[in-house]
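**Q** Numbering of the sequence shown is given in this note's numbering, commencing with residue 1 and proceeding in unit increments. Cβ coordinates follow ideal geometry from the N, Cα and C atoms, glycine included.
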Amino acid sequence: MPKFRLRILHRRTTSGGMDTHSEWLKARTTTEAVAQAEDRVSQVLAGHAGIGMLSDERDTLVWSVRHDLPKPIDLG
1 MPKFRLRILH
11 RRTTSGGMDT
21 HSEWLKARTT
31 TEAVAQAEDR
41 VSQVLAGHAG
51 IGMLSDERDT
61 LVWSVRHDLP
71 KPIDLG
């Protein structure tokens, strides 16, 4: 069964800076892994601004989400 790595970065609420969370997800398909990642990111980021990123075993980014962050500036 393929493994996918979920990384979550979020702002600390008390001392500033960032906290990181990383875990491996086991899923039969990328679609299944994304569904697991969406659930997990919503749990970890509840009440926090942050980013969730899911990569496959080759470390290729397959999904990401921004949560309660300002829209990036378009430099183009």
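1. Residue 11 lies in the alpha helix (DSSP H); which residues open and close that run?
2. Count the other CB atoms within 10 Å of the CB of residue 69; is the residue buried (16 or more) or exposed (fewer)?
3. Specify, as a first and last residue, the run of the alpha helix (DSSP H) that residue 40 falls within.
4. Helix, strand or coil for residue 61? Go by DSSP, reduced to three states.
5. Quick one: is residue 48 near chain B, going by C-beta distance under 9 Å?
6. Would you call residue 63 buried or exposed, if buried means 16 or more other Cβ atoms sit within 10 Å of its Cβ?
7. According to DSSP, is residue 15 helix, strand or coil?
**A** Result, derived from the coordinates:
1. Position 11 of the sequence shown holds residue 11. Looking at the DSSP string, residue 11 is not in any alpha helix (DSSP H); the run it does join, the beta strand (DSSP E), is 3-11.
2. In the sequence shown, residue 69 corresponds to position 69, counting from 1. Counting Cβ neighbours within 10 Å, residue 69 comes out exposed, since fewer than 16 surround it.
3. The residue labelled residue 40 in the question sits at position 40 within the sequence shown. That run of the alpha helix (DSSP H) goes 30-44.
4. The residue you call residue 61 lines up with position 61 of the sequence shown. DSSP places residue 61 in strand when its eight states are reduced to three.
5. The structure shown contains no chain B; it holds only a single protein chain.
6. Translated into positions along the sequence shown, residue 63 becomes position 63. When all chains shown are included, residue 63 counts as buried.
7. Here residue 15 refers to the residue found at position 15 when the sequence shown is read from its first residue. DSSP places residue 15 in coil when its eight states are reduced to three.
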